[in-house]
Every structure is written in structure tokens, then in C-alpha cells.
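**Student:** Residue numbers (UniProt numbering): 1 to 289.
What follows is a structure written as C-alpha cells; I'll ask about it next.
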Amino acid sequence: MDLETIGLVGIGAIGEQFAESLETAGYDTVAYDTKSERIDVAVERGSERAESPTAVAEAADAVVLAVPGSAEVEALVETEAFLAALAGGLLVDATTTRPETGIVAAERCTDADVSYVAAPLTRGAPREGTLMMIGAADDDYERATLLLDDLCTAHRRIGPVGDGRRFKLALQMRYALRTAVDAEVTAFAREAGVDPAILNDFLEMDVSERYLEAGADYATDNPGLGGLGIWHKDLGYALEVARENDVPMPLTNAGHELYKAGRRAAGPAENAPEAVQYYWERLCADSDR
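Written out as C-alpha cells, the structure is:
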């Protein structure tokens, strides 16, 4: 079946990118988000407005999900009207969730005659572009390939449903822990009276310029959870998988607690590295040194 109309559920930073990519590729699109102003963003990019996820499914040949996490995906695939409206179609789930969430979603989609593809993504790798790490059955992946080509720069099937999300969680661990280290290193250098910019200027490291600058504006305009919320969530998912497999992860445990502390110390608009650095600097300011 040709995919002509694509539905979007979730118009955060990723959903907005999808709306733009699909418009460029020439698809008709229909969009829904729990926040009306986010639907407006998709409408500005040519989408039709929908009043519910089920209305999206009724109008579309395929639906792309980009929602905050497991709870939202689970609620959606438990909605019989949504899956019934999408019968014979395709569900591409770009959300980073627990691996088990995708496995259950795939089972429910199979029962409803809906092809399911788990497609978590990254835009932070050294390789340029948006890269999707796919978990799907071979035939579902093949069916979704042309749409995936238009949604991202490149995609690769990691394995069956569940495997793509496990791989994405491993990637999130690296992003989150490396960023936390960079934030702490720059705060340490500044408090010790040396210029952390030398990390880049002389050693040619790739520390973000945003938190090399003292007094930088730490606010982010990233809609949705933002980096801090995402990494706190995803490290939590990774720790759940590790417990299931009896894998010790002391660094990830420490990182998860650090992001939790940063989230409490910083405002809701702070992004992940900035919040960690802010928390670290508050500890220094509150000390008796």
C-alpha cells in the first residue's frame, strides 16, 4: 500500500522536524499534540489539525509517534479505537521508551493488523544528520523503508523490536555521562581559577561552547522534556534493563542521581549539561572554602 497521508502524534522538537521533512517530501500530513500551540507549529508546516490521536489514525496511512516516553506510548496502544482506525496501516514509533514497551506495542499492533516499527533516533552523533536505530520485524522494516528515508538522514535495523531501544539506551548513557563529566570539568577549572576554554583552544577537545562561557544563558528553547528530563528518564530506563540482566552500572547509577539532583536544583527550562554545571557551582558557592 502506498503511503500518501502521514499522521504525527507529538509535535515537540522531533515531531516538528518530522513535520518539516514530510512537507519537503510531498506527503499530506495530519498532526496532534496535547498542547494546541504545538499543533499550530505543524499546521504552519502544512499539516492538518486533528483533535485526537484516533482522529490522526483515521486520516492517515501511517502514524509517526514522537511522545515523551513509555507511559504515553503504552496509553496509546491500549486505545482500541486508535489501533482499529489504523488497521492495515503502519505505526512508526520514534519515542525512546523501555524496550518492553515496544515489544508489547508490537504485539498489540500485530493483533490489530498494524505494522509496527520502533525507530528511536539521535542527532548528536559525530556523523551528521538524524540517524534512526530500528527495531522491527524484517517485513515491517521493509514496508517502512521509504518513509524512514524521508524522516531521517540514515537508518539501520539493529534487530527485532526491543533491540533498537536497547541500543539507543546504551547511546544515551554515553551522551549523558560524557556531558556530565564535561560540565563538571569546566566548573572545576573555573572554580580553580583557570580558563576552561583552553580545553578547546589548545587541546582541541569538543567541549560545548555554551558551558565554557562563565555566566552563559542556560535556558533552552527545546520543546518537550528538554535534555535534562530526557536523560534523567532514559538513564532510568537503562538501569531497569541492567537490573533485568544483572549488569553492574555504578557510573550510570551515579549519573542518574546527578541528573536528578540537577533537575531539582535548576529551573524547568535548564538543559542537561547546564543544569549539572549549575548544581555543581551551587555546591561550590555553598561551601565554607
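No residue lacks a Cβ here, since even glycine has one placed at the ideal position from N, Cα and C.
#1: Mind checking which residues open and close the alpha helix (DSSP H) that includes Asp-195?
#2: Are Pro-120 and Arg-165 close, meaning C-beta to C-beta below 9 Å?
#3: Pick out whichever of Phe-82, Gly-162, Leu-76 and Ala-59 has its Cα sitting closest to the Cα of Ile-103.
#4: Hey, how far is the Cα of Asp-221 from the Cα of Gly-12?
#5: Is DSSP giving Arg-157 helix, strand or coil here?
#6: Check whether the region 83-94 and the region 139-151 touch, using three or more Cβ-Cβ pairs below 8 Å as the test.
#7: Would you identify the three-state DSSP class for Val-56, choosing helix, strand or coil?
#8: Let me check understanding here. Comparing Cα to Cα, which of Thr-96, Ala-55, Ser-70 and Glu-100 lies closest to Leu-83?
#9: Drop a sphere of 10 angstroms on the beta-carbon of Ser-36, count the other beta-carbons inside from all chains shown, and report buried for 16 or more, exposed for fewer.
#10: If you run the structure through DSSP and keep just helix, strand and coil, what is Ala-19?
#11: When you compare each of Leu-203, Phe-188, Asp-33 and Gly-135 to Asp-100 by their alpha carbons, which one comes out closest?
#12: Assign Leu-239 to one of three DSSP states: helix, strand, or coil.
#13: Which residues bound the beta strand (DSSP E) around Tyr-116?
#14: In this structure, does DSSP put Ala-31 in helix, strand or coil?
#15: Nearest by alpha-carbon distance to Leu-76: which of Asp-33, Gly-236, Leu-199 and Arg-38 is it?
#16: Quick check: the Cα distance between Glu-16 and Pro-160, rounded to an integer number of angstroms?
#17: Arg-123 by DSSP, collapsed to three states: which one?
**Tutor:** On the basis of the supplied data:
#1: The count along the sequence shown starts at 1 and reaches residue 195 at position 195. Premise fails: Asp-195 is in no alpha helix (DSSP H) and is neither H nor E.
#2: Start at 1 with the first residue of the sequence shown, and residue 120 comes out as number 120. Start at 1 with the first residue of the sequence shown, and residue 165 comes out as number 165. Yes, these two residues count as a Cβ contact at 9 Å.
#3: Counting from one through the sequence shown, the residue named residue 103 turns up at place 103. Per the Cα distances, Gly-162.
#4: Position 221 of the sequence shown, counting from 1, holds the residue named residue 221. Position 12 of the sequence shown, counting from 1, holds the residue named residue 12. Annotation note: pLDDT 45 at Asp-221 (below 50); position unreliable, no value reported.
#5: Sequence index remark: in the sequence shown, residue 157 carries index 157 (1-based). When secondary structure is reduced to three states using DSSP, Arg-157 falls in the strand class.
#6: yes
#7: Looking up residue 56 in the sequence shown gives position 56. Helix, per DSSP.
#8: Numbered from its first residue, the sequence shown carries residue 83 at position 83. Proximity to Leu-83 across Thr-96, Ala-55, Ser-70 and Glu-100 peaks at Ala-55, based on C-alpha coordinates.
#9: Indexing the sequence shown from 1 puts residue 36 at position 36. It is exposed - the Cβ of Ser-36 has fewer than 16 other Cβ atoms within 10 Å.
#10: The residue you call residue 19 lines up with position 19 of the sequence shown. DSSP places Ala-19 in helix when its eight states are reduced to three.
#11: Position 100 of the sequence shown holds residue 100. Per the sequence shown, residue 100 should be read as Glu rather than Asp. That would be Gly-135, whose Cα lies nearest to the Cα of Glu-100.
#12: For the purposes of this step, residue 239 is taken as residue 239 along the sequence shown, with counting starting at 1. Assigned with DSSP and collapsed to three states, Leu-239 falls in helix.
#13: Stepping through the sequence shown from its first residue, residue 116 is reached at position 116. Residues 115-118.
#14: Counting from one through the sequence shown, the residue named residue 31 turns up at place 31. In the three-state DSSP reduction, Ala-31 falls in the strand class (E or B).
#15: Residue numbering aside, residue 76 sits at position 76 when the sequence shown is read from its first letter. For the residues Asp-33, Gly-236, Leu-199 and Arg-38, the minimum Cα distance to Leu-76 belongs to Asp-33.
#16: Locating residue 16 in the sequence shown gives position 16, counting from the first residue. Locating residue 160 in the sequence shown gives position 160, counting from the first residue. Near 27 Å, if we compare the C-alpha coordinates of Pro-160 and Glu-16.
#17: As a working note, residue 123 is residue 123 in the sequence shown. Coil, per DSSP.
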